[in-house]
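Enquirer: Following this message is one structure expressed as structure tokens.
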Amino acid sequence: DAEITQSPRHKITETGRQVTLACHQTWNHNNMFWYRQDLGHGLRLIHYSYGVQDTNKGEVSDGYSVSRSNTEDLPLTLESAASSQTSVYFCASSESTRDEQYFGPGTRLTVT
Amino acid sequence: AQSVTQLDSQVPVFEEAPVELRCNYSSSVSVYLFWYVQYPNQGLQLLLKYLSGSTLVESINGFEAEFNKSQTSFHLRKPSVHISDTAEYFCAVRDMGNTGKLIFGQGTTLQVKP
């Protein structure tokens, strides 16, 4: 069955380190999204992509970057991790902009 | 720009009682509306959606939501809840253009007590 996976599921890192969170989908979806989930804020969009080589900034993109070299993967990089980036991160994908988004299981990131 | 407000952060309810989770949105353009559910330590799953047509939409597990354009609301209801409905529920909107971006509310935790 097609699915969307995230790794690692849990990560603890130190302030200032570079961290990359992986997202892999086997749906062959063009659209992929990264959200962060924080208490009281719901989910907020970090970056999104409509296809290979396409990336766009979302609502809370500062301190994050993404790259899309193939259809299946959209890794999220924190260039220099900050304590404010402690959060749960969700990746999602959709076949088109009109379709529902399918979410991965999430990555819990703690920055100490 | 769109925004979504979920009026209750937590809703405690006894098993077999009815429940309503409230969602209001703000948008200058027409939108699609969604409810997602998140069970503990899991990702989000689509519960139901309103795209067009009948303003009352239903899910397979007994939830329903009604789109009210005049009140810009999309409240979620269930006539009789079960322990297994304990979860966090998110309301979301997406504009009818081709951006595909979802705007989420803050979430409502439904706590079903025996």
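So the sequence lines, in the order shown, correspond to chains A and B.
With my numbering, letter number 15 in the first sequence gets 15, and the count goes up by one each step, no holes.
Numbers in my numbering are just positions in the second sequence, counted from 1, shifted up by 1000.
Backbone N, C-alpha and C fix where the C-beta goes; we use that ideal spot for every residue, glycine too.
Ignore the nearest five residues each way along the sequence and tell me which others in glutamate 59 of chain A's own chain have a CB closer than 8 Å to its CB.
Expert: Counting only Cβ-Cβ distances below 8 Å, and skipping sequence neighbours, we find Arg44, Leu45 and Ile46.
Enquirer: Exposed or buried, which one is phenylalanine 110 of chain A when buried takes at least 16 other CB atoms within 10 Å?
Expert: According to the sequence provided, residue 110 of chain A is threonine. The question's phenylalanine does not apply to it. When all chains shown are included, threonine 110 of chain A counts as exposed.
Enquirer: Distance check for cysteine 23 of chain A and glutamine 1006 of chain B, CA to CA, integer angstroms please.
Expert: Roughly 29 Å separates the two Cα atoms.
Enquirer: Thinking just about the alpha-carbon of each residue, which of A:Glu100, A:Ala92 and A:Trp27 is nearest to the one in aspartate 1095 of chain B?
Expert: When only C-alpha atoms are compared, the closest one is A:Glu100.
Enquirer: Would you call aspartate 1085 of chain B buried or exposed, if buried means 16 or more other Cβ atoms sit within 10 Å of its Cβ?
Expert: When all chains shown are included, aspartate 1085 of chain B counts as buried.
Enquirer: Taking Cβ-Cβ distances below 9 Å as the criterion, which residues of the region 1039-1063 of chain B are in contact with chain A?
Expert: Answer set for the region 1039-1063 of chain B: Asn1041, Gln1042, Gly1043, Leu1044, Gln1045, Leu1046, Lys1049 and Leu1051.
Enquirer: Any idea what DSSP makes of serine 84 of chain A, helix, strand or coil?
Expert: Of the three classes helix, strand and coil, the one that applies to serine 84 of chain A here is helix, per DSSP.
Enquirer: Assuming glycine 40 of chain A and glutamine 1106 of chain B are in contact, meaning their beta carbons sit under 8 Å apart, how far apart are those beta carbons, in whole angstroms?
Expert: Confirmed, Cβ separation roughly 6 Å.
Enquirer: Could you tell me the distance, in whole angstroms, from the CA atom of valine 1019 of chain B to the CA atom of leucine 76 of chain A?
Expert: Cα to Cα, valine 1019 of chain B sits roughly 38 Å from leucine 76 of chain A.
Enquirer: Taking C-beta pairs closer than 8 Å, name the residues in chain A that threonine 1072 of chain B reaches, listed in chain order.
Expert: Result: empty, since nearest Cβ-Cβ is about 18 Å, beyond 8 Å.
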